[in-house]
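Chains A and B, in that order, give the protein sequences. Under our numbering, the first residue of the first sequence carries the number 1, and numbering increases by one thereafter. Under our numbering, the first residue of the second sequence carries the number 1001, and numbering increases by one thereafter. Beta carbons are placed, not taken as given, at the ideal position from N, Cα and C, and that holds for glycine.
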Amino acid sequence: MDRAAAQRRADQVRAFEAELASLQEEGVFTPDPAVRQRLAAHHATLLAELAERYDADTTPATARLSLGMRVAALLGAVALIAAVVLFFLRYWGSIPVPGQVALLTAAPLIMLWATGHAGRQPGARPLAELFALVALGAFVLQLTALGSIFALRDSPHAFLAWAALGLALGHGSGFRGPGLVGVAFLAWWLVTMLAEATGGTWRDPLRVAEHAVVAGFALFAVGLLARLGPREMPPLYRMVGLVVAFLSMLLLSTSGDLSGLGLTRRTTEILFQLLTLAASVAVMALGVRRGWRETLVTGTGAFLVLAVIKSVDWFWDWLPRYLYFLLLGLVAVLVVLVLRRWRLAGRPA
Amino acid sequence: MRVRAWLAFGIVLLASALALAQAGWNRSEIRRETVLSDLEAPTTSGGRDETALWMRLEYAIPEDSAWGGWLGNSRLADLGADTTRAAVRRRQMDARPAFAVLERDGPAWRAHVEKRIVEHARALAADSTPARRDSLVSIYRDGLERGSRLILVDAGPDAEVLAARYPDASRHLILPAVVRTYASFRFSGPGAATDTVLGSRVDLEHRQLLVSGAAAGVVRGPRRAGYRVTLATGRSHAPWVRAVEPE
């Protein structure tokens, strides 16, 4: 069992207890007092164990506090990364090169140690995630600053190194923040490598925007793997992959000269408008069917952005403004109605 | 909590080791040494929030007027750029790693100065008296002569080929660079159609170099007339400031 599974079990227990209380109140079902007591004792032990071993939130109050801690940790991580970078810039002129190298290397290692230490303390998971994000920020600073100190040639593989650390923290500990940054770096590295492999250069990876479409859907496919753990990671792969793929497809829908397919600009734009339309509907359907919220949201977003772009192209110049926005609103209502229909279809008879 | 600490620590240490190995390999042998004045390599610092001292290489860039820019079509093709008209029409621009050659106080610099003075004089001739024109040309010439005497003269994909072509290390610097190509629009005059040509730009990979240790002490020391900078390049042609001496 991992943390996400433990949290789901805790939520199930809380829901079960609440439903049981409602049934008793409504006079539908009154369990035998001895059974009820045994059940309550079992649940109390189980929740205590889930809280102790997996840092799961076992009451609504702890869940609300956890959310607050996560928000504070995210803001804290951003501030601490800025502090680390500015501290280095403030003092590196007065430190000899070996000292600079030692300081740059020590910073991410110290933050990784702090991550592990905080992770072992009860209830300190958001703090551990904060340290993990700062470790990743310090690692980005380290490689960038080493490049400046020694005038090293810029390399796309720095993105792979940063991705590797983010993914190690995401897969190893289920930290969403470092995991998300890791997947994003991996996406960029894949796009640069595709550019290199097809005769372009990594410095100009979006010269052929189809590379980003391929890289995005490849990451989305990774997010479909059933055995990919922990449970926090697959949604990140799916979300980043779809955002990268749809952004590139929308770019190609409006700027056909970014394509490497060799078609005319107009043909490319029409092709990618149709592909974006088909892919966004397919992704929305998949999101509804599998219950993947991030997939549904990304697909819906791509569909609506395409609708806005095309409606501007077709109607902005010759429709009165009020009619244009009415049309746009009706498209959004249509999307809501389709999604409602899918939602109702998923309800038990 | 399953913190796979060994993996995260390993990634940081491996990446650091690779970067330091690359730097160490470059500096394990000095391939070229060139002495520059403070005109070619003035220093800047980032102010209160950044204490690092940077040396910025100042150099002139030849004019970009022909197909392929100043670098020329064949050099761009050597670098792997698509120089066909069809590619320019499709705006298939790119950026490629290369090596740039900077010449210090040589024939290219003198030709550049003469050309600029002639152009300037021609522009002034239309609306200035001869005395005023001579005065302005003189001021302009002085300005050029008091500035950096480095000029970009060549670029190519292979540093060794460039080193053989420019063997005088005291005059020619060979530095890692990026060559960018772009669509440039030429307007010949009223009534003429605008022509689209392939342009190129060469940027040094690291135009600003970090100055630290004793070299930084000399620059930060009491004000002097100027300084001489010994710039070294190593096995991978990455530059570093080897020494700074007061003038």
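Below-8 Å beta-carbon distance, residue i vs any chain B residue
| i | result |
| --- | --- |
| Thr105/A | yes |
| Leu86/A | yes |
| Arg203/A | yes |
| Ala10/A | no |
| Leu250/A | no |
| Val191/A | no |
| Val78/A | no |
| Gly182/A | no |
| Gly123/A | no |
| Leu50/A | no |
| Leu169/A | yes |
| Gly241/A | no |
| Leu101/A | Looking at the sequence itself, residue 101/A is Val, so the reference to Leu does not match. Closer than 8 Å to some Cβ of chain B, the Cβ of Val101/A qualifies, so yes. |
| Gly299/A | no |
| Gly179/A | no |
| Gly172/A | yes |
| Arg207/A | yes |
Distance between residue j and residue i (C-alpha atoms, nearest Å)
| i | j | result |
| --- | --- | --- |
| Leu327/A | Gly299/A | 20 Å |
| Glu52/A | Glu129/A | 18 Å |
| Leu1198/B | Ala73/A | 50 Å |
| Gly1147/B | Leu1039/B | 6 Å |
| Val35/A | Ala41/A | 10 Å |
| Leu47/A | Thr58/A | 6 Å |
| Ile1174/B | Ala1087/B | 29 Å |
| Asp204/A | Asp1094/B | 6 Å |
| Val1211/B | Leu109/A | 27 Å |
| Gly1257/B | Leu141/A | Residue 1257/B is absent from the model: chain B starts at 1001 and stops at 1247. |
| Ser253/A | Gln273/A | 5 Å |
| Leu1102/B | His1172/B | 6 Å |
| Ile95/A | Arg153/A | 23 Å |
| Tyr1059/B | Ala1177/B | 14 Å |
| Trp316/A | Tyr324/A | 7 Å |
| Leu127/A | Ile81/A | 14 Å |
| Arg1228/B | Lys1115/B | 28 Å |
| Phe1099/B | Ala226/A | 48 Å |
| His1112/B | Phe175/A | 58 Å |
| Arg340/A | Val333/A | 10 Å |
| Met284/A | Leu228/A | 22 Å |
| Glu1033/B | Ala1214/B | 18 Å |
| Val1280/B | Asp1154/B | In the structure as shown, chain B starts at 1001 and stops at 1247, and residue 1280/B therefore has no counterpart that could be examined. |
| Val1003/B | Glu49/A | Reliability of the predicted coordinates at Val1003/B is poor, the pLDDT of 47 falling under 50, and the value obtained from them is presented with this limitation in mind. Straight-line Cα distance between these residues: approximately 20 Å. |
| Leu1014/B | Phe159/A | 14 Å |
| Asp55/A | Thr62/A | 10 Å |
Chain-ordered neighbours of residue i on chain B, where CB pairs are closer than 9 Å
| i | result |
| --- | --- |
| Gln142/A | Val1012, Ala1015, Ser1016, Ala1019 |
| Leu90/A | The amino acid occupying residue 90/A in the given sequence is Arg; Leu does not appear at that position. In chain order: Arg1048, Asp1049, Glu1050, Thr1051. |
| Arg64/A | Here the premise fails: no neighbours, minimum Cβ distance about 22 Å. |
Where residue i meets chain B, residues with beta-carbon distance less than 7 Å
| i | result |
| --- | --- |
| Ala161/A | Ile1011, Ala1015 |
| Asp154/A | Glu1205 |
| Phe139/A | Val1012 |
| Ala164/A | Ile1011 |
Partners in chain A for residue i, counting only beta-carbon separations shorter than 7 Å
| i | result |
| --- | --- |
| Ser1212/B | Pro96, Val97 |
| Leu1053/B | Gly93 |
CB contact below 8 Å: residue i versus chain A
| i | result |
| --- | --- |
| Asp1049/B | yes |
| Arg1235/B | no |
| Ala1232/B | no |
| Ala1169/B | no |
| Asp1078/B | no |
| Arg1002/B | Note on Arg1002/B: pLDDT 48, under 50, position unreliable in the model; the coordinate value appears next. Closer than 8 Å to some Cβ of chain A, the Cβ of Arg1002/B qualifies, so yes. |
| Asp1094/B | yes |
| Pro1042/B | no |
Contacts of residue i in chain A (Cβ-Cβ under 8 Å)
| i | result |
| --- | --- |
| Leu1209/B | Ala151 |
| Trp1240/B | Phe150, Ala151 |
| Val1178/B | Arg203 |
| Pro1097/B | Arg153, Thr201, Arg203 |
Amino acids of chain A, ordered along the chain, whose beta-carbon sits closer than 9 Å to that of residue i
| i | result |
| --- | --- |
| Glu1029/B | Per Cβ cutoff of 9 Å: no residues; Glu1029/B is ~15 Å from chain A at best. |
Cross-chain neighbours of residue i in chain B, by beta carbon under 8 Å
| i | result |
| --- | --- |
| Pro108/A | Val1012 |
| Leu112/A | Ala1005, Ala1008, Phe1009, Val1012 |
| Leu146/A | Ser1016, Ala1019, Leu1020, Ala1023 |
CB-CB length for residue i against residue j, believed under 8 Å
| i | j | result |
| --- | --- | --- |
| Val244/A | Leu219/A | 7 Å |
| Ala216/A | Arg207/A | Note that residue 216/A corresponds to Gly in the displayed sequence, not to Ala. Actually they do not touch by this definition, with Cβ atoms about 17 Å apart. |
| Asn1073/B | Arg1235/B | The Cβ separation is near 31 Å, so there is no contact. |
| Met239/A | Thr276/A | Contact flag wrong, Cβ pair sits at about 17 Å. |
Cβ of residue i within 8 Å of any chain E Cβ
| i | result |
| --- | --- |
| Gly27/A | Considering every chain present, this structure includes no chain E. Its protein chains are A and B. |
- [ ] Enumerate, from N- to C-terminal direction, the unbroken alpha helix (DSSP H) stretches of 4 or more residues contained entirely within the segment 18-75 of chain A.
- [x] 33-54
Open item on the list: In chain order, what are the residue ranges of uninterrupted alpha helix (DSSP H) at least 4 long that sit wholly in the segment 281-323 of chain A?
Closed with: 293-315
- [ ] May I have a chain-ordered list of the alpha helix (DSSP H) segments no shorter than 4 residues that lie completely inside the segment 1143-1170 of chain B?
- [x] Correct list: 1159-1165.
- [ ] Please list the segments of the beta strand (DSSP E) lying wholly inside the segment 1033-1088 of chain B, counting only runs of 3 or more residues, in order along the chain.
- [x] 1043-1045, 1053-1056
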